[in-house]
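My numbering numbers the first residue of the sequence shown as 4 and each following residue consecutively.
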Amino acid sequence: MKIVLTTLNAKYIHTSLAIRLLKAYSEHEFKDIHLVEYTIKDPVMNIVSDLFQKRPDVIGFSCYIWNIEETLKLIGILKQVMPEVTIVLGGPEVSYEPLHWMKREAGIDFIVNGDGEETFHHLLQELRDDRKFHFVYGAAYRKGEEIIVNPPRPKSDLNTLPTPHRFPEDIPDLSKRIVYFETSRGCPFNCQFCLSSIEVGVRYYDIERVKSDLLYLIENGAKIIKFLDRTFNINRNYAMEMFQFLIDNHQGCVFQFEITADIMRPEVLDFLSNNAPPGIFRFEIGVQSTNDETNELVKRRQNFKKLSRTVMKIKESRNIDQHLDLIAGLPMEDYTTFRKTFNDVFVMEPEELQLGFLKMLRGTGLRAQAAKYEYTYMEHAPYEILSSHMMTFSDIIRLKRLEDVLEKYWNSHRMDHTAKYLIRHVFDSPFDFFQEFGDYWEERGWQKIGHQLEDLFTRLQSFLIDRGTPSMDIITGLMKLDYFLGHKYKPRKIWWDFVLDKSDWSSYLRDIAANPGQISAQLAEAGLSERELQKYTVLEVLPFSLEAVLESISGLRADGGSEEEEAGDANDGTVPSPESLIQGVTESSLEESVQTTSSAVAIAESPSVREGRTLLIVMYQQNESQRAQYYTLPL
4 MKIVLTTLNA KYIHTSLAIR LLKAYSEHEF KDIHLVEYTI KDPVMNIVSD LFQKRPDVIG
64 FSCYIWNIEE TLKLIGILKQ VMPEVTIVLG GPEVSYEPLH WMKREAGIDF IVNGDGEETF
124 HHLLQELRDD RKFHFVYGAA YRKGEEIIVN PPRPKSDLNT LPTPHRFPED IPDLSKRIVY
184 FETSRGCPFN CQFCLSSIEV GVRYYDIERV KSDLLYLIEN GAKIIKFLDR TFNINRNYAM
244 EMFQFLIDNH QGCVFQFEIT ADIMRPEVLD FLSNNAPPGI FRFEIGVQST NDETNELVKR
304 RQNFKKLSRT VMKIKESRNI DQHLDLIAGL PMEDYTTFRK TFNDVFVMEP EELQLGFLKM
364 LRGTGLRAQA AKYEYTYMEH APYEILSSHM MTFSDIIRLK RLEDVLEKYW NSHRMDHTAK
424 YLIRHVFDSP FDFFQEFGDY WEERGWQKIG HQLEDLFTRL QSFLIDRGTP SMDIITGLMK
484 LDYFLGHKYK PRKIWWDFVL DKSDWSSYLR DIAANPGQIS AQLAEAGLSE RELQKYTVLE
544 VLPFSLEAVL ESISGLRADG GSEEEEAGDA NDGTVPSPES LIQGVTESSL EESVQTTSSA
604 VAIAESPSVR EGRTLLIVMY QQNESQRAQY YTLPL
């Protein structure tokens, strides 16, 4: 019996842990199991053709909200060209309402619910032998015109499951794709919008087995490992031992975790701050809402003050990136209260802020209560809400515009300096900046056309000019800095006219080549000639003190490609580190900081900003492994 296990991943770099778990559990008895992965963007007929040529007896699909609709299209065609093939579905999208899916698509022969390893293996045995499917607990099947849903199977002992991480055929791609890894299953919380709330309790793999598998992956070239645990830090001792192990053995691999920030113990934070090498850990933190009434209704226990302290403590360490999540459309959250939620969270300036929209997932408590909150939502996956008792469809559309520019201008890190200046000194709140710009983007029709990198800068400039924004010379200067730092190599074109003419440019380069020590010791050591400087350097004059402006945005320098050193006398006003932001950040200051009024004029007219000009010097490296560096000289 030839078996193909497959799925449609969201992106090529993603991998499916589920189909590897199924193969690992059954391959000792069923030798002819093949893993095949596609993406949701692959043409349906290409996938059908590929599967047809493999001539399988059984095809198993792993199903999620992002791939279920495309998977159903595949099944409909496959059953026409291969009517004899047995189609088995599994995964969270089909586990909770198997009757619905088997009624909707006649080509589905079986659905495996819950933990799939033992159930799928038992199903294969019955397909091969006596076909007594009523014995296969955890499966749904057809008996003539009737659909039978068997009782659920008891949860698996995770330590009886063979490892899914040691297939030789996976080794060549380990460095090119994300490896998904679980150290536990289940979630201790009961959030009514989340599928993880359905399974009660948390089960763990033996920690020594986990370490062995991780070491195997790292030693064979894995570059990114994403842990699927719903709350990695729920067991403090387990998490601490894992953090220490990964710090000791990372070899440059990056590890991503979902954590619950408000339960993070101070000793864990201190340990990570003092020991985690920069860049190897990334934390995803679900905030969702800061509205207490909303959190109570969805049974979400969250102490936002503790969460904020955790996020800021991690930020202070400067060695762990943080990705914070919000959900728009939860019960009792209207447009105004969501604005507060957004601002409450954005004031912490996470590396990424993901704005998602509530999805009525099958099997969740909130979907069962949809009528209570007057939810309307998409009939098919991803079941995203269209409106609620508190939020109209017009509100949703506006927030979609905000989400779009948030991705383009904050999460992309293309304009960190500019965005921070605008948020701190020009707009009343972060929400107002992204919302106003999102509305402007829509009004101009830009959502209908593509864009180049330069367009992002010119469109922002157009928006700011049209609204009469003060201090455009400062904002434009910061945009120039961000544009330069967004390139790995010296840019071939710019979106403005250089202030410097060729003769001044050459004069400055001659001075730098003759006296590199005035810029930095590193540049002096490099001993670059004027010709080499010409090849790897860009210069621009800014009509203000860049140093003072950067200080006005609390010294949170962009990570998007720069390692700044102050040159010459500019050392007198070094841009402060994030510690200066953290010190004195109280619970009240987190709440009050978004209520400040515009201070752009005051900043722009302050003597420290308007005293003199700045020569901006950006040095590009000869290979991508080295980031651009920028220096400043007062003029």
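Beta carbons are placed, not taken as given, at the ideal position from N, Cα and C, and that holds for glycine.
Beta-carbon proximity check, residue i vs residue j, cutoff 8 Å
i: Glu129; j: Phe123; result: no
i: Ala142; j: Val182; result: no
i: Ala264; j: Thr297; result: no
i: Ser292; j: Ile330; result: yes
i: Asp232; j: Ser187; result: yes
i: Thr367; j: Leu198; result: yes
i: Gln335; j: Asn294; result: Going by the sequence as given, residue 335 is Met instead of Gln. Yes; because the gap between Cβ atoms is below 8 Å, this pair is in contact.
i: Pro59; j: Lys5; result: yes
i: Phe547; j: Thr635; result: no
i: Tyr503; j: Leu542; result: According to the sequence shown, residue 503 is Leu rather than Tyr. Contact flag set, yes.
i: His325; j: Lys316; result: In the sequence on display, residue 325 carries Gln and not His. Result no, Cβ atoms of Gln325 and Lys316 do not sit closer than 8 Å.
i: Ser311; j: Met351; result: yes
i: Lys26; j: Gln195; result: no
i: Lys493; j: Tyr633; result: no
i: Ile22; j: Thr42; result: no
i: Leu24; j: Glu172; result: no
i: Phe230; j: Phe274; result: no
i: Ile68; j: Ala371; result: no
i: Glu261; j: Phe284; result: no
i: Ile477; j: Leu467; result: no
i: Asn116; j: Pro157; result: no
i: Ile90; j: Asp112; result: yes
i: Lys362; j: Tyr386; result: yes
i: Leu237; j: Val205; result: Per the sequence shown, the amino acid found at residue 237 is Ile instead of Leu. Their beta carbons are under 8 Å apart, which means Ile237 touches Val205 by this criterion.
i: Glu108; j: Gly79; result: yes
i: Val51; j: Leu77; result: yes
i: Glu96; j: Ile62; result: no
Paired residues, beta bridge with residue i - DSSP
i: Cys194; result: According to DSSP, which records beta bridges pairwise, Cys194 is partnered with nothing at all.
i: Ile388; result: Tyr380
i: Phe113; result: Val91, Tyr144
i: Thr9; result: Val39, Phe64
i: Arg206; result: Arg188
i: Leu542; result: Ile620
i: Tyr338; result: Partner(s): none; Tyr338 has no beta bridge.
i: Gln455; result: BP columns for Gln455 are empty, so no partner.
i: Tyr183; result: Lys229
i: Val152; result: Ala143
Residue span of the alpha helix (DSSP H) that contains residue i, given as start and end
i: Pro269; result: 269-278
i: Arg156; result: That residue, Arg156, is in no alpha helix (DSSP H); it is neither H nor E in DSSP.
i: Phe284; result: Looking at the DSSP string, Phe284 is not in any alpha helix (DSSP H); the run it does join, the beta strand (DSSP E), is 284-291.
i: Ile317; result: 307-320
i: Lys76; result: 71-84
i: Pro433; result: 433-446
i: Glu120; result: 120-131
i: His428; result: 419-428
i: Tyr486; result: 475-488
i: Phe55; result: 47-57
i: Glu406; result: 396-409
i: Ile22; result: 20-29
i: Asn298; result: 295-300
Segment limits, beta strand (DSSP E) that includes residue i
i: Ala142; result: 142-146
i: Ile323; result: 323-331
i: Gln357; result: 355-360
i: Ile227; result: 227-230
i: Glu172; result: First-last for Glu172: undefined, no H or E at that position.
i: Phe246; result: First-last for Phe246: 239-252, but that is the alpha helix (DSSP H), not the beta strand (DSSP E).
i: Phe260; result: 257-262
Cβ separation of residue i and residue j, assumed to be a contact under 8 Å, to the nearest whole Å
i: Leu327; j: Leu409; result: With a Cβ gap of about 12 Å, Leu327 and Leu409 do not count as contacting.
i: Ala321; j: Pro281; result: First, the residue type needs correcting, since residue 321 is Arg and not Ala in the sequence shown. Confirmed, Cβ separation roughly 7 Å.
i: Trp444; j: Asp407; result: 7 Å
i: Gly441; j: Ile399; result: Contact doesn't hold; Cβ gap of about 13 Å is too wide.
i: Pro175; j: Leu20; result: With 8 Å as the limit, Pro175 and Leu20 do not qualify as a contact, their Cβ atoms being about 18 Å apart.
i: Leu638; j: Val544; result: 7 Å
i: Ile114; j: Leu92; result: 5 Å
i: Arg401; j: Gln450; result: Contact doesn't hold; Cβ gap of about 13 Å is too wide.
i: Leu459; j: Arg417; result: 6 Å
Check whether the segment 214-224 touches the segment 244-263, taking contact to mean three or more Cβ pairs, one atom from each stretch, closer than 8 Å.
yes
Closer than 8 Å is the cut-off here; do at least three beta carbon pairs connect the segment 509-525 with the segment 452-459?
no
I'd like to know if the segment 34-44 and the segment 78-89 are in contact, where contact means that at least 3 CB-CB pairs between them fall below 8 Å.
No, they do not touch.
For the segment 416-427 and the segment 368-379, state whether three or more C-beta atom pairs, one from each stretch, are separated by less than 8 Å.
no
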